[in-house]
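Read through the structure below, which is laid out as structure tokens, and then see the notes.
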Amino acid sequence: MPGHIAVILDGNRRWAKAADRESAWGYMQGGDRALQFLSWCDAAGIGVVTLYAVSLDNLRSKDNSVAASLRAVAETLQQLAREEHWRIRLIGRIDLLDTQIVRQLRDAVDLTKAVSGPTVNIALAYSGREEILQALQELLSTPGGITQAQAGLTQDMLARHLYTRGLPDPDLIIRTSGEQRLSDFMTWQSTYSELYFCDTGWPGFDERHFEQALDHFASCCRRYGQ
């Protein structure tokens with residue numbers, strides 16, 4: 006059983022379009038599915054989940070649907086926070102988001118700070134390359150950081166400055182909607198992750214698909230380069 010599952014929540018707009026509905030409806034359906042997904046992970050004993058909802062490229066594109074996606078994320082997280090079961094963490098360039106959305110997101114995070122249960126990372130305005138760059142900048146700006154780097158920069162040193170510091174790398178990464186690429190997701194952390202691609206859009210990812218993903222993971226022989 007994977008200890009950390011990460012998911013690229015792809016296909017919400019296409020799901021809505023196929024149903025002849027607005028994009029906002031598709032994102033709200035995706036939010037509901039995320040809550041269900043977390044309940045399945047909880048029942049399976051999975052301690053860390055990362056949900057990739059909005060990429061930094063999405064945000065830079067100025068696509069109107071991004072605002073609808075962020076509103077759906079904020080509403081979903083507020084609902085999740087009220088359950089007081091999952092500890093919510095935000096990863097990505099949160100500082101680039103709309104102030105009102107950030108306030109809603111932070112409120113949800115604050116409500117779960119004392120939660121000792123499983124952790125869910127919400128990746129917003131996220132870029133794996135940007136994360137590595139920020140980690141390096143943070144490392145070099147810490148007292149003695151430049152001296153440490155000159156003495157010999159190690160992977161562990163850099164990893165301590167990633168968004169996911171203190172958490173295990175994902176064992177399994179799932180992407181929905183049929184695309185078979187990571188799209189700048191967890192560039193550093195995905196080195197030995199098993200990958201599972203599902204053709205259905207995220208709102209259509211049901212418990213049967215979840216079990217198939219777990220079966221796929223169970224069938225993998227994880228050699229870690231050996």
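Position in the sequence shown (first residue = 1) + 5 = our numbering. Where is the CB? At the ideal position from N, CA and C, for every residue including glycine.
For Y131, the uninterrupted beta strand (DSSP E) segment begins and ends at 124-131. Counting the other Cβ atoms within 10 Å of the Cβ of N17 gives 16 or more, which makes it buried. Excluding residues up to 5 positions away in sequence, I51, D176, L177, F222 lie with their Cβ nearer than 7 Å to the Cβ of P7 in the same chain. Take the alpha-carbon of D37 and the one of G149: they are about 46 Å apart.
Nearest in C-alpha terms to I13, of all of D204, K118, D103, is D204. Under the three-state reduction of DSSP, L95 is assigned to strand.
Between R19 and S182, the gap from beta carbon to beta carbon is short of 8 Å. Here the segment 198-217 makes no contact with the segment 136-155; the two share fewer than three CB pairs at distances below 8 Å.
Closest option to L187, judged by alpha-carbon separation, among L219, A58, A29, R213: A58. Separation of D211 and A73 (C-alpha to C-alpha, rounded to the nearest whole angstrom) is 23 Å.
By the neighbour-count criterion, in which a residue is buried when 16 or more other Cβ atoms sit within 10 angstroms of its Cβ, T152 is exposed. DSSP places F190 outside both helix and strand once states are collapsed to three, so it counts as coil.
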